[in-house]
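Everything below concerns the one structure shown next.
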């Protein structure tokens, strides 16, 4: 049985990944920054070397899914000290311990690494084009990928990088820094005004679909490989907002429409061919169905 | 009179820059991590926001020369926690306070940002080519440059970036992480064996020359500009070692010759046209004369 550690195991994706892997009978530990009653959980701030070292010595994983990170572009600007410590020093700690302990690593990167690239986002774009990183969050994620590539070359470390595109669904707790879909749903449910930046096409992948793809990676592990994690549904911000309002049977009088957001990638057009090739297809949850489930979950969670 | 703050003012370059600027009657403050008797010095770790904020409120500079940083490729790998905190969080603190206080910034970057680029290093290489950063130190310096460019675009901050190439001379105290020339001289003076990696052409700029160029930047300040700081002398590691041994009248029996160092740029061929155009020419100190002065300074400093 494969022993697995998921860092950031209480996060939106991490928690669902732990559940998914456990259903398949893997021996799954997880870590996160708070205590948890689960007997295979460890409190661990990945920015603190000693805590991470203890966690790895306890869990003795064959595979580490490294999902722990400060998340998001604006959160990263507001909390940049934590961003750099958790994401970059934290991942360097992981790589330092990987060199000693030899586990396989699946590293959670982000679509943000494609920066201002305007074309179709295939995984090899960065080998061919100079990318401008538009914010510190994006920089941490691209730095991580370079740290990993250098470790592969220097120490023969075995790592797969995954670049996660917009993912949404139940389990994402609302705050102002979360995904657009989470914020739109929360606002619409509470009758709060919200701003929709016109333009900005994004894929929107239902969390269970993203997690299912991710959960397959360690059983088909190709060191050095990179995968875009994204489904096939894409829409701009207004279509997204309209879908939410349609499900809620609400008018758009609470919506403020605005122009393109500065320092933010205009469109993200993703190529997920390699993911499908290596991890197989899924019957994806449609945007409308996913929105419906997210609304129901938020209704229950926030009693609205 | 221009009020200037030099961060890292006790460093090899910083200390000489403070002295140079003071000779020209500028009102010069400096900060560094230790206490100092100088009445215009402030103890300040730039990775700590409050300390930097206090320093800036005290010195009220029109111009900040931001030289404070963890230095060097291998030092950066060994002390990566300090590297990321001082260089990246520290510079983000500087940019955050620049937005509030509006000083002009001269940021000390490094030739390391040219990464694995094999051609002539003109300042616009990164706009045209995808560069692989070969180590964390290089990454911090390139991240800084992107943070600065984003701040220029978002807030109209006024910054000049300087990329410092190998600089050597009196005032560089020996430790194993210092410049090759410093280490070669120290080893040769002490009869310690040292390793010379064959190949690896570098420019070697005498510290007083580099500092003189740098000191002129604030009086001819062009926001958004980038300068390579490098003289015209270049040599490979063996020529450098041979020059030292020649001055010392010593044979090379203490030298171990080795092949190219991994994860290190092979050659750095620099274009300093723009520096000369905007900051003027200098009568540069020759390598042999610079080596002689460095040897004399180390002899005095270390009593050998």
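Chains as they are written, first to last, in my numbering: chain P, 1 to 304; chain W, 1 to 304. By construction, the Cβ of each residue, glycine as well, lies at the ideal position given by its N, Cα and C atoms.
(request) Report back the beta-carbon spacing between residue 86 (chain P) and residue 46 (chain P) to the nearest angstrom; my notes put them in contact at under 8 Å. (result) Yes, they are in contact, since the Cβ atoms of residue 86 (chain P) and residue 46 (chain P) sit about 6 Å apart, within 8 Å.
(request) Can you give me the start and stop residues for the beta strand (DSSP E) that residue 16 (chain W) sits inside? (result) Not the beta strand (DSSP E): residue 16 (chain W) falls in the alpha helix (DSSP H), residues 12-23.
(request) Let me know if residue 102 (chain P) comes out buried or exposed under the rule of 16 or more other beta-carbons within 10 Å of its beta-carbon. (result) Result: exposed.
(request) Can you tell me which of the three DSSP states residue 302 (chain P) falls into? (result) In the three-state reduction of the DSSP assignment, residue 302 (chain P) falls in the helix class.
(message) Can you list, in chain order, the residues of its chain with a C-beta nearer than 7 Å to that of residue 271 (chain W)? Leave out the 5 residues immediately preceding and following it.
(response) Taken in chain order, the residues that qualify are 120, 121, 122, 228.
(request) Anything in chain W within Cβ reach of residue 21 (chain P), meaning under 8 Å, just list it in chain order. (result) Per Cβ cutoff of 8 Å: no residues; residue 21 (chain P) is ~30 Å from chain W at best.
(message) Just to confirm the assignment: which complete alpha helix (DSSP H) runs, minimum length 4, are found wholly within the segment 98-136 of chain W?
(response) 125-128
(request) Taking a Cβ distance cut-off of 8 Å, strictly less, list which residues of the segment 150-161 of chain P are near chain W, in chain order. (result) 150, 153, 154
(request) List the residues of chain P whose Cβ lies closer than 7 Å to the Cβ of residue 260 (chain W), in chain order. (result) Those do not exist, as residue 260 (chain W) stays about 14 Å from chain P at its closest Cβ, beyond 7 Å.
(request) Closer than 7 Å by beta-carbon distance: list the chain P residues that pair up with residue 80 (chain W), in chain order. (result) 89, 92
(message) Beta-carbon within less than 6 Å of residue 12 (chain W)'s beta-carbon, same chain only, minus the 5 sequence neighbours each way: which residues are those?
(response) 171, 172
(request) Taking 8 Å as the threshold, find out whether the segment 232-242 of chain P comes into contact with the segment 208-223 of chain P through three or more Cβ pairs. (result) In short, these stretches do not touch, since the Cβ pair count stays below three.
(message) Using a Cβ-Cβ distance cut-off of 9 Å, determine whether residue 143 (chain P) contacts chain A.
(response) The structure shown contains no chain A; its protein chains are P and W.
(message) Comparing C-alpha positions only, which one of P:145, P:209, P:194, P:193 sits nearest to residue 169 (chain P)?
(response) P:209
(message) Along the segment 108-134 of chain W, where does the CB come closer than 8 Å to a CB of chain P? Name the residues.
(response) 126, 127, 128, 129, 130, 131, 132, 133, 134: these are the residues of the segment 108-134 of chain W whose beta carbon lies less than 8 Å from some beta carbon of chain P, given in chain order.
(message) Measuring alpha carbon to alpha carbon, tell me which residue in P:303, P:217, P:199, P:248 is nearest residue 262 (chain P).
(response) P:199
(request) Quick one: give me the first and last residue of the beta strand (DSSP E) that residue 230 (chain W) is part of. (result) Unbroken run through residue 230 (chain W): none, as it is neither H nor E.
(request) For residue 84 (chain P), go through chain W and note every residue whose CB falls closer than 7 Å to its CB, in chain order. (result) Within chain W, the residues whose beta carbon sits less than 7 Å from that of residue 84 (chain P) are 84, 88, 89, listed in sequence order.
(request) On the DSSP bridge assignment, give the partners of residue 258 (chain P) in chain order. (result) BP columns for residue 258 (chain P) point to P:197.
(request) Could you spell out where the alpha helix (DSSP H) holding residue 159 (chain P) opens and where it closes? (result) Run containing residue 159 (chain P): none in the alpha helix (DSSP H); it sits in the beta strand (DSSP E), 159-164.
(message) I want to see whether chain P comes within less than 9 Å of residue 49 (chain W), judged by CB atoms only; does it?
(response) yes
(message) Let me confirm a value: residue 309 (chain P) is counted as buried when at least 16 other C-beta atoms fall within 10 Å, else exposed. Which label applies?
(response) Residue 309 (chain P) is absent from the model: chain P starts at 1 and stops at 304.
(message) Assuming residue 49 (chain P) is part of the alpha helix (DSSP H), what are its boundary residues?
(response) 49-59
(message) Which residue marks the beginning of the beta strand (DSSP E) containing residue 221 (chain W), and which one marks its end?
(response) Premise fails: residue 221 (chain W) is in no beta strand (DSSP E) and is neither H nor E.
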